[in-house]
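For reference, the structure discussed in these notes is given below.
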Amino acid sequence: AQRVTQPEKLLSVFKGAPVELKCNYSYSGSPELFWYVQYSRQRLQLLLRHISRESIKGFTADLNKGETSFHLKKPFAQEEDSAMYYCAALYNQGGKLIFGQGTELSVKP
Amino acid sequence: DTGVSQDPRHKITKRGQNVTFRCDPISEHNRLYWYRQTLGQGPEFLTYFQNEAQLEKSRLLSDRFSAERPKGSFSTLEIQRTEQGDSAMYLCASSPGLIGHNEKLFFGSGTQLSVL
Numbered sequence: 642a643q644r645v646t647q648p649e650k651l652l653s654v655f656k657g658a659p660v661e662l663k664c665n666y667s668y669s670g671s672p673e674l675f676w677y678v679q680y681s682r683q684r685l686q687l688l689l690r691h692i693s694r695e696s697i698k699g700f701t702a703d704l705n706k707g708e709t710s711f712h713l714k715k716p717f718a719q720e721e722d723s724a725m726y727y728c729a730a731l732y733n734q735g736g737k738l739i740f741g742q743g744t745e746l747s748v749k750p
Numbered sequence: 066d067t068g069v070s071q072d073p074r075h076k077i078t079k080r081g082q083n084v085t086f087r088c089d090p091i092s093e094h095n096r097l098y099w100y101r102q103t104l105g106q107g108p109e110f111l112t113y114f115q116n117e118a119q120l121e122k123s124r125l126l127s128d129r130f131s132a133e134r135p136k137g138s139f140s141t142l143e144i145q146r147t148e149q150g151d152s153a154m155y156l157c158a159s160s161p162g163l164i165g166h167n168e169k170l171f172f173g174s175g176t177q178l179s180v181l
């Protein structure tokens, strides 16, 4: 089955601390992986995608095919990073995105 | 606002009633998706369209659910004989083309359905 798992419902850190939001996906071909974010009172929006190998707002994500993981990392968390983060996988080009359950990141001052 | 628009924002209905939601995608986006999200869960795929053609429906979509996109522009999602388990946020999203590579989903604000 095509599935995305985010084991942590809530991650709470202090400002300036490193952050890692975990994401594992079921192996079924080579899916394309994404992180979407939803800030308070805003719409769900794309944060980054693995194929771009980009860093957005200081966040990076490394695809580990051996561990079927796509963890999101930031070395120094900021209060404005507080949001819901969803990992998503695209198993078929042109198909649908499959989302994980989401992790709420809370960055305390 | 030129983003994805959904109407209504909130809907409260009694069990057994029919409800219809509308989604207006970003102009010229030929792909339109419906997702459902319950508390504490991520968006769950329901169905999607390319222009007016419905290309895929989730097995979760019972016969009480129907979606249309008659002219390849706006879409409607109808739920017949609503049940309390239908209470959720219904999200619409659109994309210019195939998701992946340089394309992404643009989400609406959603319609929150409460079935009493």
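One line per chain: the protein sequences are P and H, in this order.
In terms of the working numbering, the first sequence has 723 at position 82, counting the first letter as 1, and numbering is strictly consecutive.
In terms of the working numbering, the second sequence has 79 at position 14, counting the first letter as 1, and numbering is strictly consecutive.
Yeah, the Cβ is synthetic: ideal placement off N, Cα and C, and Gly gets one too.
From a predicted model like this one, the values you see are computed outputs, not experimental measurements.
- Mind checking which residues open and close the beta strand (DSSP E) that includes Q686 (chain P)? Q686 to R690
- Assuming L738 (chain P) and C664 (chain P) form a contact by the criterion Cβ under 8 Å, report the distance between their Cβ atoms to the nearest whole angstrom. The pair is not a contact, with the Cβ atoms about 13 Å apart (cut-off 8 Å).
- C-beta neighbour in chain P for I164 (chain H), strict 8 Å: yes
- Same chain only: Cβ atoms within 6 Å of K715 (chain P), ignoring 5 sequence neighbours per side: V660, G699 and F700
- Supposed contact pair F740 (chain P) and V645 (chain P) - C-beta distance, whole angstroms, cut 8 Å: The beta-carbon separation of V645 (chain P) and F740 (chain P), rounded to 6 Å, stays under the 8 Å limit for a contact.
- Rounded to a whole number of angstroms, what is the C-alpha to C-alpha distance between Q145 (chain H) and Y726 (chain P)? 32 Å
- Take Q743 (chain P) as the anchor and find which of H:Q115, H:V180, H:E109 and H:F139 has the nearest alpha-carbon. Checking the sequence, you will find Gly at residue 743 (chain P) rather than Gln. Minimum Cα distance to G743 (chain P) is reached at H:E109.
- Message: Measuring straight from C-alpha to C-alpha, what distance separates Q119 (chain H) and F717 (chain P)?
- Response: 44 Å
- Message: Please report whether the beta-carbon of K706 (chain P) lies at a distance below 8 Å from any beta-carbon of chain H.
- Response: no
- Proximal residues to Q115 (chain H) (C-beta, below 7 Å), its chain only, five neighbours per side dropped: Same-chain partners within the cutoff: N95 and R96.
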